[in-house]
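All you need for this note's numbering is the position in the sequence shown, starting with 1, plus 11. Working notes for the structure below.
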Amino acid sequence: MSGNKSTDTDEPATTCWGCRRLIDEGSVVSFGDGIWHIDCFRCSKCENLIEGDANLLLLADGSPLCQHCSYTCSICNQPIYDEAIVTGDVSYHTECFRCLICHNRIEGSCFAKTTQGIFCMNCFKERKAKKRAARKKTKDMHGPEKSLPAIP
12 MSGNKSTDTD
22 EPATTCWGCR
32 RLIDEGSVVS
42 FGDGIWHIDC
52 FRCSKCENLI
62 EGDANLLLLA
72 DGSPLCQHCS
82 YTCSICNQPI
92 YDEAIVTGDV
102 SYHTECFRCL
112 ICHNRIEGSC
122 FAKTTQGIFC
132 MNCFKERKAK
142 KRAARKKTKD
152 MHGPEKSLPA
162 IP
C-alpha cells in the first residue's frame with residue numbers, strides 16, 4: 012500500500028474505487044491498481060475504514076480485505092495473509108492447495124473438486140477410470156440386466 016498522496020491538477024481525472032466519484036483534490040490512498048479517497052478506503056467485507064499501517068490482502072478484483080476479514084485456509088485452518096486460492100466459499104494457501112492422491116501442488120486453473128477433496132486432473136482421470144472399470148466388472152459378474160416386461 013502506498014502512502015497518502017496529494018492529487019495533482021495537471022494529471023488526468025481519476026475515479027475513486029470506493030465511491031466511484033471523481034478524485035479532484037485532497038489526499039488519496041493508492042493500493043494495487045486503485046486509488047481511493049482516504050475516507051473511502053475500506054475493507055470490502057466488513058466495510059471498516061482501513062488505517063495506513065494495516066496488513067491487507069488484495070482481492071482479485073483489486074479491492075482490499077483487512078487482516079481481521081482475511082480468509083482461513085480450509086486445509087491448515089490458518090489465516091491467509093498473502094496469495095490465496097478461492098474455490099466457491101472455500102479458500103487455501105497456495106502451498107496447501109495440493110492433490111489428495113499424489114500430494115503435488117496444483118498449479119494453474121485445471122483441477123477437480125469433489126466432496127472427497129481436490130485432485131490434479133491426472134489423478135482425477137485415473138480415479139474416474141478405476142471406478143468405471145470396477146462398475147463394469149461388477150456388472151459383468153452379475154450378468155446382463157433383466158428388464159421387466161412392458162405394461163400394455
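Where a beta carbon is used, it is the ideal one built from N, C-alpha and C, also for glycine.
In or out: residue i buried (at least 16 other Cβ within 10 Å) or exposed?
i: C121; result: exposed
i: G45; result: buried
i: A95; result: buried
i: R146; result: exposed
i: S74; result: buried
Specify the secondary structure class of residue i as computed by DSSP and reduced to three states.
i: R116; result: strand
i: I162; result: coil
i: I129; result: strand
i: A123; result: strand
i: A166; result: The first residue shown for the chain is 12 and the last is 163, placing residue 166 beyond what the model contains.
i: R53; result: strand
i: C27; result: coil
Kindly list the residues whose CB is nearer than 7 Å to the CB of residue i, restricted to its own chain and excluding five residues on each side of it in sequence; keep chain order.
i: K168; result: Since the first and last residues shown for the chain are 12 and 163, residue 168 lies out of range.
i: A24; result: L33
Among residues of its own chain, excluding the 5 on either side of residue i, which ones have a beta-carbon nearer than 6 Å to its beta-carbon?
i: V97; result: none
i: H104; result: C84 and I91
Assuming residue i and residue j make a contact with CB atoms under 8 Å, what is their CB distance in whole Å?
i: C131; j: I117; result: 5 Å
i: W47; j: G29; result: 5 Å
Nearest by alpha-carbon distance to residue i: which of the options is it?
i: G128; options: Y82, C113, G37 and K141; result: C113
i: E137; options: K148, A123, T149 and K150; result: A123
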